[in-house]
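Since the structure comes first, as structure tokens, the remarks are kept for the end.
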Amino acid sequence: MPTVVGVTFKSAGKVYYFDPAGHSLVFGDWVIVETSRGLEIGQVVITAREVPEEDLVPPLKPVLRAATVDDLAQMGANRQQEQEAFEICQEKINEHGLPMKLIDVEYTFDRKKVIFFFTAEGRVDFRELVKDLARVFRTRIELRQIGVRDEAKMIGGMGPCGRSLCCQSFLRSFEPVSIRMAKAQDLALNPAKISGICGRLMCCLRYESESYENGECPREKNRSREAEEAEKDE
143 MPTVVGVTFK
153 SAGKVYYFDP
163 AGHSLVFGDW
173 VIVETSRGLE
183 IGQVVITARE
193 VPEEDLVPPL
203 KPVLRAATVD
213 DLAQMGANRQ
223 QEQEAFEICQ
233 EKINEHGLPM
243 KLIDVEYTFD
253 RKKVIFFFTA
263 EGRVDFRELV
273 KDLARVFRTR
283 IELRQIGVRD
293 EAKMIGGMGP
303 CGRSLCCQSF
313 LRSFEPVSIR
323 MAKAQDLALN
333 PAKISGICGR
343 LMCCLRYESE
353 SYENGECPRE
363 KNRSREAEEA
373 EKDE
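The opening position of the sequence shown corresponds to residue 143 in this note's numbering, with each subsequent residue numbered one higher.
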């Protein structure tokens with residue numbers, strides 16, 4: 143089985159496998175890798191281990207190098223440029239009167255592409271916007287429409303539980319959530335109670351769903367345990 147390391151490019155982002163290529167890497171190391179978007183800087187979240195071939199998406203690309211001080215400085219500079227690019231793009235959107243909401247901006251590490259993430263209720267003709275942005279930034283421009291769950295993950299916020307959103311904190315991918323899960327847990331089917339800030343069903347409805355489906359209802363178990371203890375006291 144091939145040996146890989148898991149690298150992510152965002153906090154709580156999807157993990158991608160790369161060949162460590164002889165580099166001795168530990169959790170938290172920053173590395174430079176080549177992706178379909180170009181050179182990227184990412185962080186090791188899974189240390190070297192063997193995985194089955196079927197778990198890999200070929201070709202398995204190598205880690206080019208551990209990030210240097212200069213690489214980290216460039217990453218910081220890119221983040222600063224992303225903030226400026228966001229403001230410029232928002233101005234251009236307003237000028238064109240486009241029905242879209244700009245959410246985030248990302249530069250690839252090598253600055254050969256800048257990606258603008260947005261939400262919109264329908265299709266948006268942003269061809270003129272792309273031309274304007276290309277003239278300003280003089281690099282490849284990509285506008286990518288995302289859904290409301292991805293928007294919540296990028297922006298972040300607090301859930302009704304008072305904690306940071308699961309999607310931004312630790313969920314690396316979105317799993318299907320259905321109203322059936324809420325019904326099985328005997329929850330009030332009030333949209334305001336079971337929906338997250340994204341307007342979709344809360345991801346946490348899935349956490350105990352399997353237990354309920356298997357007849358292992360945590361609430362009922364607690365009630366049975368309390369009843370048994372009460373009988374003993376009698």
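Quick reminder that beta carbons are idealized off the backbone N, C-alpha and C, glycines included.
Check: Among LYS254, LEU202, ASP274, which has the Cα closest to the Cα of ILE230?
Finding: ASP274
Item checked: Range of the contiguous beta strand (DSSP E) that encloses ASP246 -> 243–249
Next item on the list: Hey, could you find the ends of the beta strand (DSSP E) ARG207 is sitting in?
Entry: 205–208
Checklist line | Buried versus exposed, by CB contacts within 10 Å (16 or more), TYR349 | finding: exposed
Note to self: Rounded to the nearest angstrom, what separates GLN310 and GLY164 at their Cα positions?
What the structure shows: 32 Å
Checklist line | Three-state class that DSSP yields for GLU195 in the structure shown | finding: helix
Next item on the list: Please determine, among PRO200, ILE174, MET323, PRO241, the residue with the shortest C-alpha to C-alpha distance to MET344.
Entry: MET323
Margin query: What would DSSP say about ARG265, mapped onto helix, strand or coil?
Written below: coil
Next item on the list: List the DSSP bridge partners of ASP213.
Entry: ASP213 pairs with nothing; no bridge assigned.
Next item on the list: For GLY170, collect the residues of the same chain with a Cβ closer than 7 Å to its Cβ; drop the 5 residues on either side in sequence, then sort them by chain order.
Entry: GLN185, VAL186
Check: Excluding five sequence neighbours on each side, which residues of the same chain lie with their C-beta closer than 6 Å to the C-beta of LEU285?
Finding: PHE258, PHE268
Margin query: Is the beta carbon of ILE339 closer than 8 Å to that of MET296?
Written below: no
Note to self: If I measure Cβ to Cβ from LYS203 and keep anything under 8 Å in the same chain, skipping five residues before and after, which residues do I get?
What the structure shows: PHE160, ASP161, VAL175, GLU176, THR177
Notebook entry, point to check: Would you call VAL199 buried or exposed, if buried means 16 or more other Cβ atoms sit within 10 Å of its Cβ?
Noted result: exposed
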